[in-house]
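From first to last, the protein sequence lines are chains A and B. Adding 14 to a residue's 1-based position in the first sequence gives its number in this note's numbering. Adding 14 to a residue's 1-based position in the second sequence gives its number in this note's numbering. Think of the CB as a built atom: it goes at the ideal place given N, C-alpha and C, for glycine as much as any other residue. Fair warning: this is a prediction, and the values are worked out from it, not measured in the lab.
Number of protein chains: 2
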Amino acid sequence: MTAGRPELLMDGLRTGEVAERAGVNIQTLRYYERRGLLAEPGRSNGGHRLYPPDTVVLLNVIKAAQRLGFSLDEIAELLDAGRRRHPSADLRQRAIDKIAEIDRKIADLAAIRGTLAEVVDARCDSLTNCTCADCPLPYLTIGTTRSSGETE
Amino acid sequence: MTAGRPELLMDGLRTGEVAERAGVNIQTLRYYERRGLLAEPGRSNGGHRLYPPDTVVLLNVIKAAQRLGFSLDEIAELLDAGRRRHPSADLRQRAIDKIAEIDRKIADLAAIRGTLAEVVDARCDSLTNCTCADCPLPYLTIGTTRSSGETE
DNA sequence: TTGCATTCGGTACCCAGGTACAGGCTTACC
DNA sequence: GGTAAGCCTGTACCTGGGTACCGAATGCAA
Chain A
15 MTAGRPELLM DGLRTGEVAE RAGVNIQTLR YYERRGLLAE PGRSNGGHRL
65 YPPDTVVLLN VIKAAQRLGF SLDEIAELLD AGRRRHPSAD LRQRAIDKIA
115 EIDRKIADLA AIRGTLAEVV DARCDSLTNC TCADCPLPYL TIGTTRSSGE
165 TE
Chain B
15 MTAGRPELLM DGLRTGEVAE RAGVNIQTLR YYERRGLLAE PGRSNGGHRL
65 YPPDTVVLLN VIKAAQRLGF SLDEIAELLD AGRRRHPSAD LRQRAIDKIA
115 EIDRKIADLA AIRGTLAEVV DARCDSLTNC TCADCPLPYL TIGTTRSSGE
165 TE
């Protein structure tokens with residue numbers, strides 16, 4: 015039992031492979047494990063981590079959520095919510111709140127998008143000497159949905 | 015000319031007022047000024063900042079953009095783009111890129127929203143003992159649009 | 001004019017989210 | 001069996017985005 019047997023049970027991706035495929039640093043994997051975003055993976059006999067292949071997908075999800083402005087704690091919650099689909103009443107309520115927040119984000123993104131689209135259209139009569147009168151303050155529509163009270 | 019005259023030219027909001035109305039810290043105003051997100055405001059005779067009132071709106075915009083996952087540098091760029099609507103070819107291209115990025119964000123948010131909505135619906139036959147077979151990996155659809163190359 | 005609240009500039013510190021490095025074991029291949 | 005590449009734990013460090021604190025100067029009202 016010391017060595018030699020390939021130990022079929024514990025195949026999987028090693029940290030380096032996962033990191034490369036997901037485009038993250040190896041240290042980040044351990045960091046996420048500490049933070050509870052990644053479950054502790056299996057180990058080889060020698061103690062090396064062996065990840066299930068879908069870990070790569072999960073990492074992509076986490077990175078996408080980060081780009082959307084969610085903190086790691088929030089992402090952990092979202093993943094948890096998405097994982098067990100028969101949530102407690104509390105979790106359910108938080109999901110509802112998150113949905114409202116997401117709707118706000120989408121609306122704000124749409125507003126920014128709109129302004130940028132106008133920029134690209136550049137409906138001005140000249141690149142250097144624009145006389146169009148309807149060039150008001152940009153993005154005025156966003157950020158106005160929430161007065162001051164934050165998520166806390 | 016030493017004092018007494020209200021000096022009509024230099025009315026405006028003082029840092030404390032702006033900070034309170036926008037719900038940010040006073041130090042944050044100076045920080046944003048250093049970072050180039052806020053233009054240097056006028057000053058009183060004694061050197062105190064006097065902000066134009068729409069600074070509050072601008073701060074709300076900045077905060078909204080932050081919640082959407084944009085860095086301060088990106089926000090500075092977005093503001094710049096939105097401000098001068100007759101952009102250079104380069105700025106224009108960057109606006110186009112940003113729009114694509116925003117579309118991706120919106121799509122990802124919609125995916126998360128969808129999963130959360132399913133959670134809220136909880137289309138399971140029991141809260142503790144669910145037999146529904148279609149509870150696959152959550153969020154599988156998001157994060158898959160970009161393979162690895164990032165904005166850089 | 002006195003006095004308290006604000007603001008000034010400057011520097012130091014804080015937190016989240018990583019990233020790097022050191023010294024020692026594993027794995028893989030010849 | 002030797003050895004290079006890869007991974008282990010642990011700790012230290014870095015960047016972005018702020019915050020806090022200091023002593024001095026201003027603003028404004030009584």
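Just measuring C-alpha positions, the residue of 28/A, 128/A, 80/A, 102/A sitting nearest residue 123/B is 80/A.
A distance of 9 Å or more separates the beta carbons of residue 32/A and residue 86/A.
Remark: C-beta atoms of residue 26/B and residue 56/B approach each other more closely than 9 Å.
In chain order, 123, 126, 127 make up the part of chain A whose C-beta sits under 7 Å from the C-beta of residue 116/B. A contact between stretches requires three or more CB pairs, one per stretch, nearer than 8 Å, and the stretch 91-103 of chain A fails this requirement with the stretch 110-120 of chain B. Not a single CB atom of chain A sits nearer than 9 Å to the CB of residue 31/B. When the Cα atoms are used, residue 125/B and residue 112/B turn out to be separated by approximately 20 Å. Residue contact with chain A for residue 106/B: present (Cβ-Cβ distance below 9 Å to some residue of chain A). If you keep only unbroken alpha helix (DSSP H) runs of at least 4 residues inside the stretch 36-103 of chain A, you get 40-49, 69-81, 86-97. Within a 10 Å sphere around the beta-carbon of residue 67/A sit fewer than 16 other beta-carbons, which makes this residue exposed. Classified as buried, residue 36/A has 16 or more neighbouring CB atoms from the shown chains inside 10 Å of its CB. Note on residue 40/B: under 16 other CB atoms within 10 angstroms of its CB, so exposed under the neighbour-count rule. In the assembly as shown, residue 44/A is an exposed residue. Its beta-carbon has fewer than 16 other beta-carbons within 10 Å. Contact between residue 105/B and residue 76/B fails: their C-beta atoms lie close to 19 Å from each other, not under 8 Å.
Contacts with chain B (Cβ-Cβ distance below 9 Å) from the stretch 65-88 of chain A involve 68, 71, 72, 73, 74, 75, 76, 77, 78, 79, 80, 81, 82, 83, 84, listed in chain order. Chain B places no beta carbon closer than 9 Å to that of residue 61/A, leaving this residue out of the contacts. Contacts with chain B at 9 Å (Cβ-Cβ) do not include residue 52/A. The beta-carbon separation of residue 83/A and residue 61/B, rounded to 37 Å, does not stay under the 8 Å limit for a contact.
Apart from sequence neighbours up to five positions away, the residues of its chain that approach residue 49/A with a beta-carbon distance below 6 Å are 86, ordered along the chain.
The beta carbon of residue 90/A lies closer than 6 Å to those of 50, 51 in the same chain, with the five residues before and after it left out. Of the residues assessed, residue 109/A falls on the buried side of the cut-off, its CB having 16 or more other CB atoms within 10 angstroms. Residue 78/B is classed as buried because its beta carbon has at least 16 other beta carbons within 10 Å across all chains shown. At a cut-off of 9 Å between C-beta atoms, residue 109/B counts as an interface residue with respect to chain A. At a C-beta separation below 8 Å, residue 120/A has these neighbours in chain B: 120, 123, 124, 127. Between residue 64/A and residue 116/B, the C-beta spacing is not below 9 Å. Residue 132/B and residue 69/A have their C-alpha atoms spaced approximately 23 Å apart. Non-local C-beta neighbours of residue 101/B in its own chain, meaning closer than 8 Å and more than five positions away in sequence, comprise 95, 109, ordered along the chain.
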